[in-house]
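Undergrad:
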Ligand code: AMP
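Residue numbers (the working numbering): 174 to 557.
(1) Give me the Cβ distance between residue 525 and residue 497, rounded to the nearest whole Å; I'm assuming they're in contact under 8 angstroms.
(2) Looking at chain B, is there any beta carbon in it that lies within less than 7 angstroms of the beta carbon of residue 467?
(3) If you draw a straight line from the alpha carbon of residue 419 to that of residue 427, how long is it in whole angstroms?
(4) Do residue 361 and residue 477 have their CB atoms nearer than 7 angstroms?
(5) Count the other CB atoms within 10 Å of the CB of residue 212; is the residue buried (16 or more) or exposed (fewer)?
(6) In or out: residue 320 buried (at least 16 other Cβ within 10 Å) or exposed?
(7) Following a CB-centred definition, is residue 440 positioned closer than 6 angstroms to any heavy atom of the ligand AMP?
(8) Rounding to the nearest angstrom, what Cα-Cα distance links residue 451 and residue 278 in this structure?
(9) Between which two residues does the alpha helix (DSSP H) harbouring residue 342 extend?
(10) If I follow the unbroken beta strand (DSSP E) through residue 274, where does it start and stop?
(11) Alpha carbon to alpha carbon, how far is residue 408 from residue 358? Give it in angstroms, no decimals.
(12) For residue 370 and residue 390, which I take to be in contact (beta-carbon distance under 8 angstroms), what is that distance rounded to the nearest angstrom?
(13) For the ligand AMP, any of its heavy atoms closer than 6 angstroms to the Cβ of residue 489?
(14) What's the gap between the Cα of residue 272 and the Cα of residue 329?
(15) State whether the region 379–397 contacts the region 462–474, with contact taken as three or more CB pairs (one from each stretch) at a distance under 8 angstroms.
(16) Quick one: using the 10 Å Cβ neighbour count with 16 as the cut-off for buried, is residue 326 buried or exposed?
(17) Name the two residues that bound the continuous alpha helix (DSSP H) containing residue 495.
(18) Under DSSP, the beta strand (DSSP E) around residue 464 begins and ends at which residues?
(19) Helix, strand or coil: how does DSSP classify residue 283 here?
(20) Residue 515 bridges to which residues according to DSSP?
(21) In chain order, what residues of the same chain have a beta carbon less than 7 angstroms from the beta carbon of residue 281, not counting five sequence neighbours either side?
(22) If I measure Cβ to Cβ from residue 260 and keep anything under 6 angstroms in the same chain, skipping five residues before and after, which residues do I get?
What follows is the structure, encoded as structure tokens:
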């Protein structure tokens, strides 16, 4: 790459019933570019509501946006399997590969593909780039990515720790190095993405070496409605003794578990309110949630050997000071502490550990769309 990537980029993040979009212009690597437009189209395909399907929604959207001089379109794609370790300019072969990964991400990849198909049809001369949630984790050592299950079975069925939220972990760990005034290659960071979905990542010198989500986004930390780690025997137990089908157990663990399953609220703000009002179920949900984070921090500390920073991001990580304090309580022996004053105040990228602490504890707001735009321009500038 000779010149810094400059241009106008449309970022599309297509979910099953929504499309989040941002239009950027300018130099994305130097000043972060400018958000020209952006928003959220919701209730796609719902009765009596929004657009009939992704095609209708995108057609309408692209008619409204000023797409003159568009350099590229960047698409968020959840699952890139083992093939995609970097943002990739989309052609028919890439589309077929994303389609082939649908069994591994049945909720996400079809919606991502719908966006790609329509955008390619409407903007046939504009390069389109797929930015994968899994790509950042393709650097996981084999021992981190391998499940201890019969190798013949895991290999035949693609059972592997793929990891997710990669765009966020990459962005936030890079920003953390900048916040510390250090070279990305020189720092070890534990990133904690705590939003509706939640995952932890150990980043050594810019490379993901451990992450809590696995084959799917169900594993790892406690989430809004997902259980995170459980004993897999719970699944057999429920099937044999509660007469639940695989689909019912899938629904239970993905939609009726986590904070919601524990106390009836999946929004951390509501959990915190109820806990403050003395609700024991909310207090337990909070404790289960924070304890899981503590356990992952300890595990990743051991794997990294040296930790320069621990960084909180996403809705809960950026806003819930009580979660940050509880998750990192009593870790002074590991050089980890949170300053109550710094934790309670401030906004934007900041350090919340006491002055001179061995491990910097940081808050870095994530910006997945901006990172997708940057990666899109880089992929286009690298393409032959
Ligand atoms: P995200 O997926 O990153 O948008 O995060 C969404 C979650 O962030 C919501 O479910 C809330 O539980 C949480 N959240 C947002 N704002 C706050 C806040 N001020 N305090 C605590 N939690 C918050």
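Here a beta-carbon is modelled for each residue, glycine too, at the ideal position from N, C-alpha and C.
TA: Let me lay it out:
(1) Taking a contact as a CB-CB distance under 8 angstroms, the pair residue 525 and residue 497 counts as one, their CB atoms being some 7 angstroms apart.
(2) As a matter of chain content, chain B is missing from the structure shown, which is built from one protein chain.
(3) Rounded to the nearest whole angstrom, the CA to CA distance from residue 419 to residue 427 is 12 angstroms.
(4) Yes; because the gap between Cβ atoms is below 7 angstroms, this pair is in contact.
(5) exposed
(6) exposed
(7) yes
(8) 39 angstroms
(9) It spans 339–353 - the alpha helix (DSSP H) in which residue 342 sits, taken as one unbroken run.
(10) It is not in any beta strand (DSSP E) - residue 274 carries neither H nor E in the DSSP assignment.
(11) 41 angstroms
(12) 6 angstroms between Cβ atoms; contact.
(13) yes
(14) 18 angstroms
(15) yes
(16) exposed
(17) 494–500
(18) Careful: residue 464 lies outside any beta strand (DSSP E), inside the alpha helix (DSSP H) at 453–477.
(19) helix
(20) Partner(s): none; residue 515 has no beta bridge.
(21) Within the same chain, Cβ atoms closer than 7 angstroms to the Cβ of residue 281 are found at 251, 252, the five residues on either side in sequence being excluded.
(22) Within the same chain, Cβ atoms closer than 6 angstroms to the Cβ of residue 260 are found at 302, 304, 548, 552, the five residues on either side in sequence being excluded.
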